[in-house]
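Colleague:
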Amino acid sequence: MSGLFGTLSIALSSLGVSQDEMATTSNNVANANTPGYSREVSDVAAGDPIEQGSLSVGTGVILQKIESLRDPILEIQLNQSTQQNSQLNTTLAQLQTLQTQFASSTSGLGADISDFFNSLEQLAPDPTNLELRQSVLTAAGNLATDFNTASNSLQTQRSNIDLNVTQSVGQVNALTSQIASINQQIGNLTNAGQNPGTLVDTQTNLIRQLSSLVGVSVIPTDEGISVALSNGTTLVSGSQSFALTTQLGTDGVQHIYSDSQDITGALTGGSLAGLIQVRDQEIPGVGSDLDQLAAGLASGLNTANQAGFDLNGNAGTNLFVPPPVGGVGAAGALAVNITDPSRLAASSDGTSGSNGNLAVLSSVATQPLANGETPINSYSSIVFQVGNDTSNVSADADASGLILQQLQDQRGSVSGVSLDEEASNLIQYQTAYQAAARVVSSVNALLADAVNLGLGAAVQ
Amino acid sequence: MRVNPNPLPDLLAALNQTQLDAQEASLQIATGRSVNEPSDNPTAAALLVVNNDQATFNAGYLQSLTAVQGQLSTADSTLSSVTTALQQALSLGVEAGGGTLSASDQAAIVTQLQGIQTQLLSLANVSYQGNYVFAGTDTSTAPFVSGTSPSGIVYVGNTDVNQVSIGGGYNLAVNLPGSQLFSTSGSDVFLAMTNLIQAVQTNTGIPAAVNAVTTASSYLSAQRVFYGNAIDQAQSQTTYLNTAKLQISQQQTTLGGADLAAAATNLAQSQTDTQAALAAISKFSQDNLFDYLQ
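Just so you know, the protein sequences line up as chains A and B, in that order.
Mapping the first sequence onto this note's numbering, position 354 (from 1) lands on 354, and the numbers just tick up by one.
Mapping the second sequence onto this note's numbering, position 170 (from 1) lands on 170, and the numbers just tick up by one.
So, in C-alpha cells, the structure goes:
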C-alpha cells in the first residue's frame, strides 16, 4: 500500500503512538511519588515495510509494549538489605531499652552491692549499734528491691516483645495473602498478553514490606513468584499463601508455627528475627546473669550469717530468703529474711561486742561467685555485655542503613521518575503528534487536489 | 549514569544524623558525662561500676577510721590516767616506806591508796558509746568486778580482739583485752595495789610492794604503745585514703567525664551541619523543566 492513503495511514499510526506515549508520560508524572513505582517507557518500533518491486516502503510506527524499568538484581539486594537493616534496627531499639537500667554507675544494682558491703564495714567499729545494724538491713532491702525491679522490667520488656511478635506474624500473613492474590492477577494479565507493570510494582512493594518483617527469598516461577522463608518454609506459591500461626510455648512466650512445625528459631532477618533474638537470647541471658548474681550473693551471705551469732548470742539465720535451687528466678524472688536488726550475726564468739563475723560477711564481696567473678565484677561484666552488644548492633545498624540508602539511590537512578525527563519526553511526543497532524492536513490537501484534478477551481 | 531523581530521603537521613550528633553533644554538656549509657563506651561503663565501688568503700573506710579513732583515743587517754594514778600510788608508797610517818599519816595514805584503787577499777571499766573498752569483745558488761581472787577483783570479759577493715587490705585491731592490760600474772595492777595497801597497813614489806606497783605500771605503759601505734596507723591510713579518694575521683572523670570543650565544639559543628542540611532540603524545590514549558 502506498500513495496518499498509505501516507495517511502512517500519520494516523504516529498520532496513536504519540498519544500512547503521552499517556505513559502522564502516568509516570502521576506516580512520581508513589512508593515502589517503577517508571514506564514506551517501546516503539517501525512498522513492517511493504515490498513494492525493488522498493521497501515503511508502514509507520507501532507501540510494542509499555515497559516498567526495574533491575531485578537490585530489587533482590534491596529485599536482603531491608531484611538485615530491619532486624538490626529492631534489635537495637530493644537493646537500648534494655540497657537503660544499667546506665548509672552511682545508683542501681551496682551501687546497691557496694552500699550493702560498705554498710557492713560501717558496723565493724561499733557492732552493737542498732542504727548501724538497721543500715545493713536497709541496704540489703534496697539490694533485693532493685534485683526485683530489674527482673520485673526484663519480664515486662519480654512480654511487650512477645505481643509484638504476635502482631508481626499477623502482618506477615496479611502481606503473603496479598502477594498471592496479586500473583494471580499478574498471571491473568500475562496470559492475556498484557503488561502487568504496576501490579509488579505493587507486589515488589509488598515483598519489601514483608522483608522488613521477616527474611524471605523470592523465586520466579511459572505462576508468578513463590516466597519462602530462609529455612525453606513456603509462604506464597502461585495464588496460594500459607499462614503462619503462633502458639504459647512452655517457656512462656509465643512460638511461630508453619503447619505443625515450630520455626521460631529458624527465622532470620527482618524485625521478627530481631524481636526473637532479644526475647529469646539477650533478655534471658541478662536475666540469667542477674539470677546467678542474686543467688550467689544470697547463698554466700546466708552461709556467712549462719556462721556467726546475733546480738543476743543466738546462732545466725539466713540473711536472705534462700534462693531457688539452680538460681532460676533468684533475682525476681530475692527478699531479706530478717527484719530485726539484732538478728544480724556480727559476732563470731557469741558476745555482743564481737565483730568477727562481719569480716566473714564482708568476704563475700571479694570471693568469686559460681561464674568465677566477685559480685561487683559480675555486675560490671553484665554492664559491659549489654553495652557492648548494644554498641555492636548500633554500629552494624548504621552500616546497614548506609548500604540500604545506597541501594535505594541506585534503585532511584534506574526506576525513579525524573520530572525533567518526563517534560523533555512530553515535548518530544507533542512535537511528533503535531508533525503527524500536519502530515494528515497535507494529505488532506493533496487528496482534495487529486479529487479536483482537471477542474478549474480547487475544492476547499 | 542516570542520577537518582529524588535525593530527598538522603537529605533527610543527613538531617537526622546531624540532629543525633547535636543531641549527643547536648547530653554530654548537660550531664558532664561522656558515658551516659553503657553502649557509649562499654569498657568505661563497666569500669565505672568498679570505680563507684572503690569510691563507696574508700568513703566507708574513712568513716570507719573516724569511728575507730574515738574508741582508740578513749582507751589511750584512759590508760594515761591509769599510769598517772599508779605514779601517785608509787609516791604514796615511797612516802609510807620512809619510816618517819605517824600512824595517822599512814592511815591517811591507806585511805588515799584505797581511793586510787577504786579509781583504777572505774578506769578499767571505762566505756565508749555504751561499750566497755577493756572487755575484749564482751563489751556489754563491766569487765572488772569484785570476786574471789588475791586482789579481790576478777576479770569477766574475754580475750577476743575486734578487727576493722581500713582499706588497702589492712585490718586494724581496735582493742586489747582488759585481762592483758590490768591482770597479767606478775604485772597485775589490782594485785599490786592491794598488796601495797596491805603493806602500808601492816607497815611491812613496803619496798617490795612499791616495786611490784612499779613493775605493773611499766608493763601497762608498754601495753599502751599498742593504742599509740593504732592511732598513728589510723591517721596515716586516713591520709592515704584521702589521696586515694582524689585518684578515684580523677579516674572517674577520665573514664566517664565529658570533654566539655570538645562537646561544645561538636554541638556547634552539628548545628552548622543541621543548618546546611535544612538549606539543602529547602533548595531542593520542585523546580523542573515543566515550569519552563508554555
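C-beta: ideal position from N, C-alpha, C; glycine also.
From the beta carbon of G6 of chain A, is the nearest beta carbon of chain B less than 8 Å away?
Modeller: Here residue 6 of chain A corresponds to residue number 6 of the first sequence, with the count starting at 1. Cβ-Cβ to chain B under 8 Å: no for G6 of chain A.
Colleague: What's the gap between the Cα of G356 of chain A and the Cα of F309 of chain A?
Modeller: Sequence index remark: in the first sequence, residue 356 of chain A carries index 356 (1-based). Sequence index remark: in the first sequence, residue 309 of chain A carries index 309 (1-based). Roughly 10 Å between the two C-alpha positions.
Colleague: Between the Cα of L123 of chain B and the Cα atoms of B:T184, B:A75 and B:R33, which residue gives the shortest distance?
Modeller: To locate residue 123 of chain B, count along the second sequence from 1; it is residue 123. Looking at the Cα atoms, B:A75 is the closest of the given residues.
Colleague: Which word fits Y37 of chain A, buried or exposed, when buried means at least 16 other C-beta atoms lie within 10 angstroms of its C-beta?
Modeller: Sequence index remark: in the first sequence, residue 37 of chain A carries index 37 (1-based). Label assigned to Y37 of chain A: buried.
Colleague: What residues in its chain sit with their C-beta under 6 Å from that of T194 of chain B, if we drop five residues either side in the sequence?
Modeller: To locate residue 194 of chain B, count along the second sequence from 1; it is residue 194. Taken in chain order, the residues that qualify are S151.
Colleague: Just tell me which of B:Q129, B:A280, B:L176 and B:A209 has its CA closest to the CA of V189 of chain B.
Modeller: For the purposes of this step, residue 189 of chain B is identified with residue 189 of the second sequence, where counting begins at 1. Nearest of B:Q129, B:A280, B:L176 and B:A209 to V189 of chain B, Cα basis: B:A209.
Colleague: Can you check which of these residues, A:D280, A:P322, A:T268 and A:G327, is closest to L293 of chain A by C-alpha distance?
Modeller: Locating residue 293 of chain A in the first sequence gives position 293, where the first residue counts as 1. Taking only the C-alpha atoms, the option nearest L293 of chain A is A:G327.
Colleague: In three-state DSSP terms, what is N131 of chain B?
Modeller: Against the second sequence, residue 131 of chain B aligns to sequence position 131. N131 of chain B falls in the strand class under three-state DSSP.
Colleague: If you compare alpha carbons, which of A:L154, A:G300 and A:Q83 is closest to S271 of chain A?
Modeller: Counting from 1 along the first sequence, the entry for residue 271 of chain A is found at position 271. For S271 of chain A, the nearest C-alpha among the options comes from A:Q83.
Colleague: Measuring CB atoms only, is the region 36-53 of chain B touching the region 384-402 of chain A, in the sense that at least three cross pairs come out at less than 8 Å?
Modeller: Counting Cβ pairs under 8 Å, three or more are found: they touch.
Colleague: Can you give me the start and stop residues for the beta strand (DSSP E) that F242 of chain A sits inside?
Modeller: Locating residue 242 of chain A in the first sequence gives position 242, counting from the first residue. Looking at the DSSP string, F242 of chain A is not in any beta strand (DSSP E), and its letter there is neither H nor E.
Colleague: Which class does S442 of chain A belong to by DSSP, given the choice of helix, strand or coil?
Modeller: For the purposes of this step, residue 442 of chain A is taken as residue 442 along the first sequence, with counting starting at 1. Three-state result, S442 of chain A: helix.
Colleague: What residues from chain A crowd round V154 of chain B, counting only those whose CB sits closer than 9 Å?
Modeller: For the purposes of this step, residue 154 of chain B is taken as residue 154 along the second sequence, with counting starting at 1. Correct list: empty, because the minimum Cβ distance to chain A is about 17 Å.
Colleague: Which whole-angstrom value is the C-beta distance of G269 of chain A and V218 of chain A, which I expect to be below 8 Å?
Modeller: If you number the first sequence from 1, residue 269 of chain A lands on position 269. If you number the first sequence from 1, residue 218 of chain A lands on position 218. Incorrect: roughly 13 Å between the Cβ atoms, too far for contact.
Colleague: State buried or exposed for I76 of chain A, treating a residue as buried only when at least 16 other CB atoms are found within 10 Å of its CB.
Modeller: Locating residue 76 of chain A in the first sequence gives position 76, counting from the first residue. Result: exposed.
Colleague: Which same chain residues end up closer than 7 Å to N28 of chain A when comparing Cβ atoms and leaving out the 5 residues on each side of it in sequence?
Modeller: Within the first sequence, numbered from 1, the residue matching residue 28 of chain A stands at position 28. Excluding sequence neighbours, N28 of chain A sits near R39, E40, V417 and E422.
Colleague: Starting from V68 of chain B, find everything on chain A with Cβ-Cβ shorter than 8 Å and list it in chain order.
Modeller: Looking up residue 68 of chain B in the second sequence gives position 68. P125, listed in chain order.
Colleague: Let me confirm a value: V3 of chain B is counted as buried when at least 16 other C-beta atoms fall within 10 Å, else exposed. Which label applies?
Modeller: Position 3 of the second sequence, counted from the first residue, corresponds to residue 3 of chain B. Under this definition V3 of chain B is an exposed residue.
Colleague: Name, please, each residue of chain B whose Cβ falls closer than 8 Å to the Cβ of T204 of chain A.
Modeller: Position 204 of the first sequence, counting from 1, holds the residue named residue 204 of chain A. In chain order: nothing, as chain B lies at least about 17 Å away.
Colleague: If you scan the region 308-383 of chain A from start to end, which runs of the alpha helix (DSSP H) of 4 or more residues do you find wholly inside it?
Modeller: As far as the region 308-383 of chain A is concerned, its whole alpha helix (DSSP H) runs of at least 4 residues are 330-333 and 356-363.
Colleague: Taking the beta carbon of N6 of chain B as the centre, do at least 16 other beta carbons fall within 10 Å, making it buried, or is it exposed?
Modeller: Start at 1 with the first residue of the second sequence, and residue 6 of chain B comes out as number 6. Under this definition N6 of chain B is a buried residue.
Colleague: Helix, strand or coil for R70 of chain A? Go by DSSP, reduced to three states.
Modeller: Within the first sequence, residue 70 of chain A is the residue found at index 70, counting from 1. Of the three classes helix, strand and coil, the one that applies to R70 of chain A here is coil, per DSSP.
Colleague: Mind pulling the chain A residues with CB within less than 9 Å of D10 of chain B?
Modeller: Within the second sequence, the letter at position 10 stands for residue 10 of chain B. Under the 9 Å cutoff, chain A gives Q405, Q408 and D409.
Colleague: Indicate, with yes or no, if the ligand NAD has a heavy atom lying under 7 Å from the CB of L65 of chain B.
Modeller: The ligand NAD is absent from the structure shown, which contains no ligand whatsoever.
Colleague: Counting Cβ pairs, one atom from each stretch, are 3 or more of them under 8 Å apart for the region 435-451 of chain A and the region 1-17 of chain A?
Modeller: Contact holds: three or more Cβ-Cβ distances are below 8 Å.
Colleague: What are the residues in the region 49-60 of chain B lying within 9 Å of chain A by C-beta distance?
Modeller: Listed by position along the chain: V49, V50, N51, N52, D53, Q54, A55, T56, F57, A59 and G60.
Colleague: Taking the alpha helix (DSSP H) that F57 of chain B falls in, what are its first and last residues?
Modeller: Working through the second sequence from its first residue, we reach residue 57 of chain B at position 57. Here the alpha helix (DSSP H) through F57 of chain B covers P42 to A96.
Colleague: Would you verify that the beta carbon of A75 of chain B is, or is not, closer than 8 Å to some beta carbon of chain A?
Modeller: Position 75 of the second sequence, counted from the first residue, corresponds to residue 75 of chain B. No - not a single Cβ of chain A is within 8 Å of the one on A75 of chain B.
Colleague: Are F147 of chain A and L319 of chain A closer than 8 Å when you measure CB to CB?
Modeller: Here the question's residue 147 of chain A lines up with position 147 in the first sequence. Here the question's residue 319 of chain A lines up with position 319 in the first sequence. Cβ atoms of F147 of chain A and L319 of chain A: not closer than 8 Å.
Colleague: If the criterion is Cβ atoms closer than 8 Å, does the pair T274 of chain B and A22 of chain B meet it?
Modeller: Here residue 274 of chain B corresponds to residue number 274 of the second sequence, with the count starting at 1. Here residue 22 of chain B corresponds to residue number 22 of the second sequence, with the count starting at 1. Going by C-beta atoms, T274 of chain B is nearer than 8 Å to A22 of chain B.
Colleague: Looking at C-beta atoms only, is the number of pairs between the region 226-234 of chain B and the region 164-180 of chain B that lie closer than 8 Å three or more?
Modeller: Enough Cβ pairs lie closer than 8 Å, so yes.
Colleague: With a CB to CB cut of under 8 Å and the five nearest residues on each side skipped, what residues in its chain are close to G197 of chain A?
Modeller: Taking the first residue of the first sequence as 1, we reach residue 197 of chain A at position 197. Closer than 8 Å at the Cβ level, and outside the excluded window around G197 of chain A, lie S38, E40, I66, E67 and S68.
Colleague: Is DSSP giving L113 of chain B helix, strand or coil here?
Modeller: Taking the first residue of the second sequence as position 1, residue 113 of chain B is located at position 113. In the structure shown, L113 of chain B sits in a helix (DSSP, three-state: H, G or I).
Colleague: In angstroms, rounded to a whole number, what distance separates the CA positions of Q114 of chain B and P375 of chain A?
Modeller: Working through the second sequence from its first residue, we reach residue 114 of chain B at position 114. Working through the first sequence from its first residue, we reach residue 375 of chain A at position 375. Their backbone Cα atoms lie some 58 Å apart in a straight line.
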